[in-house]
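The sequence shown begins at 16 in the working numbering and counts up one residue at a time. Here's the structure we're looking at; comments come further down.
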Amino acid sequence: MGNTSGIRHYYIEAFTPYGYVSLLPELLKEIKYTYLLTGGPGTGKSTMMKLIGIQMIDRGNDVDYIRSIREADSVAGLYLPKHKICLLDKDEFNWQINFCGPYHREIDFSSFCRQSRLEEHSPKISQLGASLADIEQDIIAQLRKDYMPKKEEESEEDGHACQNKTRNLDAVLSLAWEGDQQGDDSPHIDEITRILSRIKANNLSFYFLHSLQLEGWLNLAPRYIRDFDRICLDGEESAHLLRVLLEEVKCLGQAMEIIVHPLKPYTIVGLLFPEKNLAVWKGNPCRIEEQGFRMGHSTELIAILEQYRKNRLELKNLINDSVNFRGLDHFRSELLSSILTDLHQG
Numbered sequence: 016m017g018n019t020s021g022i023r024h025y026y027i028e029a030f031t032p033y034g035y036v037s038l039l040p041e042l043l044k045e046i047k048y049t050y051l052l053t054g055g056p057g058t059g060k061s062t063m064m065k066l067i068g069i070q071m072i073d074r075g076n077d078v079d080y081i082r083s084i085r086e087a088d089s090v091a092g093l094y095l096p097k098h099k100i101c102l103l104d105k106d107e108f109n110w111q112i113n114f115c116g117p118y119h120r121e122i123d124f125s126s127f128c129r130q131s132r133l134e135e136h137s138p139k140i141s142q143l144g145a146s147l148a149d150i151e152q153d154i155i156a157q158l159r160k161d162y163m164p165k166k167e168e169e170s171e172e173d174g175h176a177c178q179n180k181t182r183n184l185d186a187v188l189s190l191a192w193e194g195d196q197q198g199d200d201s202p203h204i205d206e207i208t209r210i211l212s213r214i215k216a217n218n219l220s221f222y223f224l225h226s227l228q229l230e231g232w233l234n235l236a237p238r239y240i241r242d243f244d245r246i247c248l249d250g251e252e253s254a255h256l257l258r259v260l261l262e263e264v265k266c267l268g269q270a271m272e273i274i275v276h277p278l279k280p281y282t283i284v285g286l287l288f289p290e291k292n293l294a295v296w297k298g299n300p301c302r303i304e305e306q307g308f309r310m311g312h313s314t315e316l317i318a319i320l321e322q323y324r325k326n327r328l329e330l331k332n333l334i335n336d337s338v339n340f341r342g343l344d345h346f347r348s349e350l351l352s353s354i355l356t357d358l359h360q361g
């Protein structure tokens, strides 16, 4: 797939000025075996997925790490693309999960916690969980203020209602589609996205490669496309050239990966053609300011993100204090064996 050692890192959800956007339903269309990991932050889910991922890589498997948008060093999911096996931290995603695959299993990591200790911290855990949910809405509201053009913000539905929504791919693509229907020629309407909204083929995959962090925007693109040949587009001809490539690949039935913009989720940052080992990008993938990201956050957004990090760390520490790590170590071998069985059956 054009990535070193068959390892890829990306996001499938994002905080955006338009609300919380989830591409998870697109990923689940292809899944055969799903393991849902439940339990609060600090119960060992992310560490478990990292360790299992390392063991799968050692066995020669391609591995996708689905990164958490809530914590820079955390993993929210593990995906084996060739075998359509996925482990997901259910609590990391804001989408109602529907399963089309033949098999899924739910594993409650709170069962590896000392229940008496959890009950002792229960009021504080509930308080912090509610606070984090509220702060996430504050993040979205501040992104609207910092990045959404005033005209567009006024034309959007009520801001509070908007930020409480979790939008899927169809919802965000409809933003471009509706503009097309109304004859809107404003620059925020992406012509390529209009085409994609009509295709919706199984050989399309959608990802985010940028995430909101306290220190600034985290950009995974340079690593993700490191081994791809690149075409960097600039200026008015970019939409035309992207459209030509898109039509060619569509006719040939080749796989295509769409990198979505987290600030303008109805637009595309890049198109990747794995079979051609080709990445087509708007601007320089190493220079995120060319895609409309600020080099530094506003003072207001920094304050919100600092509070979010503080509350999440406090919540993780409370839950982590109750974890039986020996029990988790024993369970990892059991879980790995179950995944290997699914892998060979698939």
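Quick reminder that beta carbons are idealized off the backbone N, C-alpha and C, glycines included.
Closest in C-alpha terms to L248, from the list L51, L224, K297, comes K297.
Between G307 and F127 a beta carbon distance of about 43 Å is seen, past the 8 Å cut, so the two are scored as non-contacting. With respect to the C-alpha of G59, the residue from F30, A91, I46 having the closest C-alpha is A91. T53: member of the beta strand (DSSP E) spanning 48-53, first to last residue. Here G144 carries a helix assignment [DSSP, helix/strand/coil].
Of K99, L184, E305, the smallest CA-CA separation from Y33 is found for L184. Taking C-beta separations shorter than 6 Å and ignoring five residues to either side along the sequence, the partners of F30 in its chain run I154, I155, L227, following chain order. When DSSP states are grouped into helix, strand and coil, L316 belongs to the helix group. According to DSSP, residue pairing for C247 in a beta bridge involves W296. Beta-carbon to beta-carbon, L235 and A87 are separated by about 11 Å, too far to satisfy the 8 Å threshold. Residue pairing of D79 in beta bridges, as defined by DSSP: R23, Y94. Excluding its 5 nearest sequence neighbours in each direction, L330 has C-beta neighbours in its own chain below 8 Å: G55, P56, G57, I140, L143, G144, L147, listed in chain order.
With respect to the 8 Å criterion, L93 and I67 are classified as neighbours on the basis of their beta carbons.
By alpha-carbon distance to K97, the top candidate from E45, Q70, I81 is E45. Contact check for D104 against L52 passes: the beta carbons are separated by less than 8 Å.
Secondary structure note for F346: its alpha helix (DSSP H) is the uninterrupted segment 340-360. Between L316 and Q157, the C-beta spacing is below 8 Å.
M310 sits exposed, since fewer than 16 C-beta atoms from the chains shown fall within 10 Å of its C-beta.
Spatial neighbours of Y35 in its own chain (CB-CB distance under 6 Å, excluding positions within 5 residues in sequence) are listed in chain order as N109, T181. Collapsing the DSSP output to three states places Q322 in a helix. In the DSSP annotation of this structure, T282 is not part of any alpha helix (DSSP H), being labelled neither H nor E. Taking all protein chains in view, the Cβ of H345 is surrounded by fewer than 16 other Cβ atoms within 10 Å, so the residue is classified as exposed. Counting only residues of its own chain and dropping the five nearest sequence neighbours on each side, M163 has a CB closer than 6 Å to the CB of P32. The Cβ-Cβ distance between Y323 and I150 falls below 8 Å. In its chain, beyond the 5 residues on either side, P56, R85, E86, L147 have a beta carbon closer than 7 Å to the beta carbon of R327. Apart from the 5 residues on each side of it in sequence, I72 sits with its Cβ closer than 6 Å to the Cβ of V78 in its chain, given in chain order. Relative to the Cα of V338, the nearest Cα in the group S61, Y80, Q130 belongs to Q130. Distance check between R74 and each of I273, G21, R241 places G21 closest, using alpha-carbon atoms only. When DSSP states are grouped into helix, strand and coil, S61 belongs to the helix group. Assignment of beta-bridge partners to N109 by DSSP yields no partner.
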